[in-house]
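Asker: Dumping the structure here so I can ask a few things about it.
Spelled out as structure tokens, the structure:
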């Protein structure tokens, strides 16, 4: 008996499919499920199914929501749109505070190596939102890595014909960091992007 | 919108109940569920419910199994019983190889600080197994920490009246470790437990 029982092995595979969950961790989760009461496991399943049934993409910005439109699209008036890669980024920016504009979620980045081109992203939906002329600025908030850079450049190029300001969130040294320990690329980028004071 | 939608928040709490899952990790799992197909989420729920419905404790040794008796209790003949704290420990020892005896799972350790006394463990079931005189040796394989030590001592004392050899797995430096970096307690224990060569 060098293996778990069949049903536990299946559950371990299921937990493994959540991404970033190793065999040992998945096993720990599965054992925890065995030790839970039937009621608790039923509630767990309910929570899973409810999310799957209720959560959808906002018709306007494509972040997660449970209605046709998300809270932000429904309640905020703004002529600025912040373009992000994933719904989790909307949450991060909201939590940071300070931004009170709208969002647009691409659901990915351009990544030829993973076979993901612009067509797989919600870029045409972004263009559709810009056509009525109400949006004056687009802030691209993709990650500061190659895929994020490529995606930002692509969008900037695409928006050239529109009379819209396109910007990207600043890249530089983090607040509270120590210049001695900042990596070279970030430091060199921070010097390139220096701001007059 | 500084929070996720209601159903996502509920799922985050559910994932959090698996133990050792922080808020950020639970959120990542929940987002993954949103991105899964309905079919995949249904299969996930099936895996959860199947484990809960099928997996039970072996009537003899109390490890996880899907029948009245586990594979080991059903197929192995031995007069040695290895006492472990949790079902996962059975698997670890089986995987290590070299041991071909039976097991007994306590489902915990004695821990007064957590309000867990000997009565909460499957100790009387262990005694019942020993009464017919077929078992000649009990190896206690609890963890080498205070709770494991207390549990081992308790069992050793309890088995005194029986004509049974009681042993505990060796504590010493790990194979492949470097004496320079072994912690002091382990090193001192390894010297105390030195074996003649």
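Chains as they are written, first to last, in our numbering: chain A, 1 to 197; chain H, 1001 to 1197.
Where is the CB? At the ideal position from N, CA and C, for every residue including glycine.
1) Closer than 8 Å between beta carbons: that is the criterion. Which residues of the region 31-48 of chain A meet it against chain H?
2) Within a Cβ cutoff of 6 Å, which residues of the same chain sit near residue 93 of chain A, ignoring the five residues on either side of it in sequence?
3) Report yes if the C-beta distance between residue 1032 of chain H and residue 41 of chain A is below 8 Å; otherwise report no.
4) Just list the residues that DSSP pairs residue 1102 of chain H with in beta bridges.
5) Cα-Cα, which of A:34, A:14 and A:150 is closest to residue 113 of chain A?
6) At least one CB of chain H closer than 8 Å to the CB of residue 23 of chain A: is that the case?
7) Against chain A, does residue 1092 of chain H count as a neighbour if the rule is that its beta carbon must be under 8 Å from one of theirs?
8) Could you tell me whether any Cβ in chain C is nearer than 8 Å to the Cβ of residue 1005 of chain H?
9) So is residue 1148 of chain H buried or exposed if we call it buried at 16+ other beta carbons inside 10 Å?
10) Quick one: Cα of residue 1179 of chain H to Cα of residue 1192 of chain H, how far?
11) Can you confirm whether the region 17-32 of chain A touches the region 1065-1073 of chain H when touching is taken to mean that 3 or more C-beta pairs between the two stretches lie within less than 8 Å?
12) Taking the alpha helix (DSSP H) that residue 41 of chain A falls in, what are its first and last residues?
13) Could you please give the first and the last residue of the uninterrupted beta strand (DSSP E) stretch that includes residue 139 of chain A?
14) Going straight from the alpha carbon of residue 86 of chain A to that of residue 1065 of chain H, what length do you get?
15) If you run the structure through DSSP and keep just helix, strand and coil, what is residue 1131 of chain H?
16) Quick check on residue 34 of chain A: does DSSP put it in helix, strand or coil?
17) Give me whichever residues DSSP pairs with residue 1166 of chain H in a beta bridge.
18) I'd like to know if residue 1077 of chain H contacts chain A, where contact means its C-beta is closer than 8 Å to some C-beta of that chain.
19) Which first and last residues belong to the alpha helix (DSSP H) in which residue 17 of chain A is found?
20) Apart from the five residues on each side of it in sequence, which residues of its chain come closer than 7 Å, Cβ to Cβ, to residue 1069 of chain H?
21) For the region 136-164 of chain A, which residues have a CB atom closer than 9 Å to at least one CB atom of chain H, in sequence order?
22) Once you ignore the five residues that flank residue 1054 of chain H on each side, which residues in its own chain have a CB closer than 6 Å to its CB?
23) So, under 8 Å CB-CB, residue 1130 of chain H and residue 1169 of chain H are touching, yes? Tell me the CB distance rounded to an integer number of Å.
24) Using a Cβ-Cβ distance cut-off of 8 Å, determine whether residue 1064 of chain H contacts chain A.
25) Any idea what DSSP makes of residue 1061 of chain H, helix, strand or coil?
26) Mapping the DSSP letters down to three states, classify residue 1028 of chain H as helix, strand or coil.
27) From the DSSP output, in three-state form, read off residue 1095 of chain H for me.
28) Rounded to the nearest angstrom, what separates residue 135 of chain A and residue 1025 of chain H at their Cα positions?
29) What are the boundary residues of the alpha helix (DSSP H) that includes residue 1150 of chain H?
30) Here's the rule: buried if 16 or more other CB atoms are within 10 angstroms of the residue's CB, otherwise exposed. What is residue 181 of chain A?
31) How far does the alpha helix (DSSP H) with residue 1185 of chain H in it extend, from its first residue to its last?
32) Leaving out five residues on either side along the sequence, give the residues of the same chain with a beta carbon under 6 Å from the beta carbon of residue 1166 of chain H.
33) Using a Cβ-Cβ cutoff of less than 6 Å, which residues in the same chain neighbour residue 1106 of chain H once the five nearest sequence positions on both sides are dropped?
34) Answer with buried or exposed for residue 146 of chain A, where buried requires no fewer than 16 other C-beta atoms within 10 angstroms of its C-beta.
35) Tell me which residue opens and which closes the alpha helix (DSSP H) that residue 1072 of chain H is part of.
36) So, at 6 Å on beta carbons, what are the nonlocal neighbours of residue 1140 of chain H in its own chain, with the 5 sequence-adjacent residues on each side left out?
Answerer: The structure says:
1) 31, 32, 33, 34, 36, 38, 40, 41, 42, 43, 44, 45, 47 and 48
2) 99
3) no
4) H:1081
5) A:150
6) no
7) no
8) Annotation note: the requested chain C is absent from the structure, which comprises protein chains A and H.
9) buried
10) 15 Å
11) no
12) 38-54
13) 137-140
14) 42 Å
15) coil
16) helix
17) H:1138
18) no
19) Segment: none, residue 17 of chain A is in no alpha helix (DSSP H) and carries neither H nor E.
20) 1058, 1059 and 1060
21) none
22) 1066
23) Not a contact, Cβ separation roughly 19 Å.
24) yes
25) coil
26) helix
27) helix
28) 35 Å
29) 1146-1159
30) exposed
31) 1184-1192
32) 1138, 1156 and 1159
33) 1085, 1121 and 1122
34) exposed
35) 1071-1075
36) 1083, 1152, 1155 and 1168
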